[in-house]
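Below you'll find the structure, written out as structure tokens, and then a few comments.
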Amino acid sequence: MSAFDPAVFSSNSSFDFDHLTIGGVSATELVAEFGTPLFVVDEADFLARAAAWKNALETAFGDRAGTVYYAAKAFISKEIARWVNRAGIGLDVCTGGELAVAQAVEFSPTRIEMHGNNKSEAEITLAIEFGVNSIVVDSFNEIERVGRIAEQLGKRQRVLIRVTPGVEAHTHEFISTAHEDVKFGFSLASGAAWAAILEISQCASLELVGLHSHIGSQIFNSEGFAAAARKLIGLLSRYRNYFSRELPELDLGGGYGIAYVPGEVTLDPHKVLKELAAVVQDECTTAKLAIPKISIEPGRAIVGPTTTTLYTVGTTKEVELDGGLTRRYIAVDGGMSDNIRPALYGAEYLAIIANRLPLGPNCNSRIVGKHCESGDILIREIQLSESTQAGDLIAIPATGAYGRSMASNYNHLPRPAVVAVIDGKARLIVRRESIADLLALEL
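Counting in this note's numbering, the sequence shown runs from 3 upward without gaps.
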């Protein structure tokens, strides 16, 4: 249903009188100044969620708490990197471009880890020269590359092994990352993870400091994380028995789910980490291991709920369906170029009219974009007011993760601007692309 739901919108959003307000700024004011499509980030909500995950990790694991890593892939910009730094958490990057953003704001390299299943030699060199805290190695090719480049630079690089524990995450196959048939990491079942450990132990320029696992994204229970933790602690035990020493770190990844539609509930960081800490404690006690430093990667759970996308309705039309039914198509001025998730794997969202109170009854509606694709659908089925018309503003919440970061220039549409709102004030943090930007690369 098309009603404002505080469980889905950012914490400082409300529907006041006859319009949506985010961070004390009305949607109509935002659109008048910055246009649409527009990503609106609730800055206070972002900082509060980052602090909540940091506090939850420290509460659950005490002095064994490692680092909360914010996933740059969810959405990164220079201002976002500054917020992450201000929150005192770490940054997870997986390309040279993401690392360049961190460098641009002088983010401490001691709180950066580098991921990626196919890091180039240039990216590895950049990371080692910058002094990133750790590189998560993902293949035997990469062990050789990181070791060789570190040796050439006269450094000993800290690394973690990304282990594929064979855990089936209950999520879409495109964002499930820890089962066997996947491009990421070293399989535990096949023995590849142990072989990687042995290979790294022979490389003087690499320091193996721990294990890493990430089972997927948009997961709403702790069972998968607990299962992965048990398997990785088993591997830590095998390492101790073989080398007569213990690995000091364990990164249990993330992928914690958030609410996109009414009825869903964003995972509570204190609850999920308390449950995880109990598993880690029990397994380490049974294996007679010291609890390693535990790090996590909350991913979309920090930025996802903080952001709302605003669109302007351009066209509406009635389409007749079988059985005498009709569907109302509502076309907005963005689409799959600023939110590919619905087209990519059927992600669902809520939408409301943001500039006025809806009039009359709701009707069967479909919100679509302006691209030349039948699959350019933002919301496949929603009950939206039959009064929805050209010029209305549509707000879709929970778009902070992967909206702007996966945005494209399909149909040569410039990518939207990003605005931060806090205490009744709005400021541009990423400007809207222009036609001149699109043509700037042409020769």
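Idealized CB from N, CA, C, for every residue including glycine. Just so we're clear, the structure is a prediction, and the values are computed from it rather than from any experiment.
Residue 412 sits in a helix when the DSSP states are folded into three classes.
In this chain, the beta strand (DSSP E) harbouring residue 364 covers 364-370. Pairwise C-beta distances place the segment 150-170 out of contact with the segment 91-111, as fewer than three of them are shorter than 8 Å. Between residue 257 and residue 193, the C-beta gap is not smaller than 8 Å, which leaves the two residues out of contact. Only buried fits residue 309, as 16 or more other CB atoms lie within 10 angstroms of its CB. Going by beta carbons, residue 200 and residue 213 fall outside the 8 Å limit. Collapsing the DSSP output to three states places residue 115 in a strand. Out of 147, 119, 272, the CA that lies nearest to the CA of residue 127 is found in 147.
Within its own chain, the residues whose Cβ lies closer than 7 Å to the Cβ of residue 396, once the five positions on either side in sequence are excluded, are 313, 315, 334, 353, 355, 356, 369, listed in chain order. For residue 329, no alpha helix (DSSP H) encloses it; the enclosing beta strand (DSSP E) starts and ends at 328-334. With contact defined as three or more Cβ pairs closer than 8 Å, the segment 270-284 and the segment 55-70 are in contact. For residue 382, the enclosing beta strand (DSSP E) begins and ends at 379-387. A distance below 8 Å between beta-carbons, with the five flanking residues on each side excluded, links residue 52 to the following residues of its chain, in chain order: 70, 72, 85, 86, 89, 91, 304.
Sequence-distant Cβ neighbours of residue 17 in its own chain, meaning closer than 7 Å and more than five residues away, are 6.
Less than 8 Å divides the Cβ of residue 412 from the Cβ of residue 373.
Boundaries of the alpha helix (DSSP H) around residue 142: 142-154. Only residues of its own chain outside the window of five on either side were considered, and among them 261, 262, 263, 264, 266, 307, 352, 399, 400 have a CB closer than 8 Å to the CB of residue 10, listed in chain order.
Boundaries of the beta strand (DSSP E) around residue 44: 40-44. For residue 247, the number of other beta carbons within 10 angstroms of its own is below 16, and it is reported as exposed.
Around the beta carbon of residue 433, fewer than 16 other beta carbons lie within 10 angstroms, which makes this residue exposed.
Contact between residue 215 and residue 230 is confirmed by a C-beta separation of about 5 Å, below the 8 Å threshold.
For residue 296, the beta-bridge partners assigned by DSSP are 67, 252. Under the three-pair Cβ rule at 8 Å, the segment 289-301 does not count as touching the segment 383-395. CA-to-CA, the gap between residue 420 and residue 74 works out to about 16 Å. Taking the Cα positions, residue 439 is about 26 Å away from residue 31. By the neighbour-count criterion, in which a residue is buried when 16 or more other Cβ atoms sit within 10 angstroms of its Cβ, residue 328 is exposed. Using a Cβ distance threshold of 8 Å, residue 162 and residue 134 do not count as a contacting pair. For the pair residue 142 and residue 188, the Cα-to-Cα distance works out to about 9 Å. In this structure, 132 is the residue among 363, 115, 132, 117 with its C-alpha nearest to the C-alpha of residue 106. Ranked by Cα distance from residue 103, the first of 392, 33, 81 is 81.
In the three-state scheme derived from DSSP, where H, G and I count as helix and E and B as strand, residue 237 is classed as helix. In this structure, the straight-line span from the alpha carbon of residue 336 to that of residue 321 is close to 21 Å.
Residue 221 and residue 210 have their C-alpha atoms some 29 Å from each other. Under DSSP, residue 28 forms a beta bridge with 23.
Its chain contains 76, 302, 305, 306 as the residues whose beta carbon lies nearer than 6 Å to that of residue 403, once the 5 sequence neighbours on both sides are disregarded; these appear in chain order. Put simply, the backbone Cα of residue 203 is about 12 Å away from that of residue 249.
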